[in-house]
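Residue numbers (mature numbering (1 follows the signal peptide of the UniProt record, and there is no 0)): -24 to -1, 1 to 143.
Since the structure comes first, as structure tokens, the remarks are kept for the end.
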Amino acid sequence: MKRYSLRKTGLFLLAMVLATPALAVEKGPVTNLPLPRFVSLKAAEANVRRGPSLTHRIDWVFKHRDMPLMITAEYEHWRRVHDRDGAGGWVHYSLLSGQRTVLIEEDMLGLRTRPDDKAPIRAQLETGVVAYLGTCEIDWCQMEAQGFKGWARKSAVWGVTPDEIRE
């Protein structure tokens, strides 16, 4: 009788993968929402501080309403955020909105009538335009900017995760 080691057949690895629980999503200690997550800037101006209080120094000011930001930490009424370029710090939560927006990263990005590379283009958006995020499928998201609504590839925008699905 021949003996086979599970390690030699590769079944050991498969068994270990099946027995390992799914990776836990980190949750914010204040909101219990996932971290990191995307939000947008509600205010026309927002002071960005070195720490989570009014006593911390202001490093700079975000000045673009609806700009997408990523929250990476929470402390009481403060959220640590950063923009597409990695600039960030602590912002009071009242200056942020759950309204999702994205930043166009591909110059003259075509907004298509449906999620298909061969679909007609409704509008073209320049790099840096902020668009409101709608439904997202595996590779495509519906968005609206400057009165135009259409579909674009996720890879052409910042403000949505590659695996994010939105209904």
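Every residue, glycine too, gets a C-beta built ideally from N, C-alpha and C.
Next item on the list: Check Leu9 in the structure and name its three-state DSSP category.
Entry: coil
Check: Going by other Cβ atoms of all chains shown within 10 Å of its Cβ, with 16 needed for buried, is residue 146 buried or exposed?
Finding: Outside the displayed range of the chain (-24 to 143) lies residue 146, so it cannot be described from this structure.
Next item on the list: Would you mind stating whether Gln100 and Gly110 have Cβ atoms separated by less than 7 angstroms?
Entry: No, they are not a contact pair.
Margin query: Could you tell me which whole beta strand (DSSP E) segments of length 3 or greater appear in the segment 78 to 102?
Written below: Those beta strand (DSSP E) runs which fall completely within the segment 78 to 102 and span 3+ residues are 85 to 88, 97 to 101.
Notebook entry, point to check: For Pro138, which residues from the same chain have a beta carbon less than 7 angstroms from its beta carbon, with the 5 sequence-adjacent residues on both sides left out?
Noted result: Lys130
Margin query: For a minimum of 3 consecutive residues, which ranges assigned as the beta strand (DSSP E) are wholly contained in the segment 110 to 138?
Written below: 116 to 121, 124 to 129
Check: At what residues does the beta strand (DSSP E) containing Met46 begin and finish?
Finding: Element bounds for Met46: 44 to 51.
Checklist line | Residue range of the unbroken beta strand (DSSP E) whose run includes Gln1 | finding: Residue identity check: residue 1 is Val in the sequence provided, not Gln. First-last for Val1: undefined, no H or E at that position.
Item checked: Straight-line gap, Val1 to Gly123 (C-alpha atoms, nearest Å) -> 36 angstroms
Note to self: For a test of the three-state rule: what should DSSP assign to Ser70, helix, strand or coil?
What the structure shows: helix
Check: Does the distance from the CB of Ala121 to the CB of Val105 come in under 7 angstroms?
Finding: The Cβ atoms of Ala121 and Val105 lie closer than 7 angstroms to each other.
Notebook entry, point to check: So Ala22 is in the beta strand (DSSP E); what residue range does that whole segment cover?
Noted result: 22 to 25
Check: Nearest to Glu113 by CA position, among Thr103, Lys125, Pro91, is which residue?
Finding: Pro91
Check: Contact check, Arg41 vs Arg33 under 8 angstroms by CB: the rounded distance?
Finding: Contact flag wrong, Cβ pair sits at about 24 angstroms.
Margin query: Tell me the residue span of the beta strand (DSSP E) that contains Arg33.
Written below: Looking at the DSSP string, Arg33 is not in any beta strand (DSSP E), and its letter there is neither H nor E.
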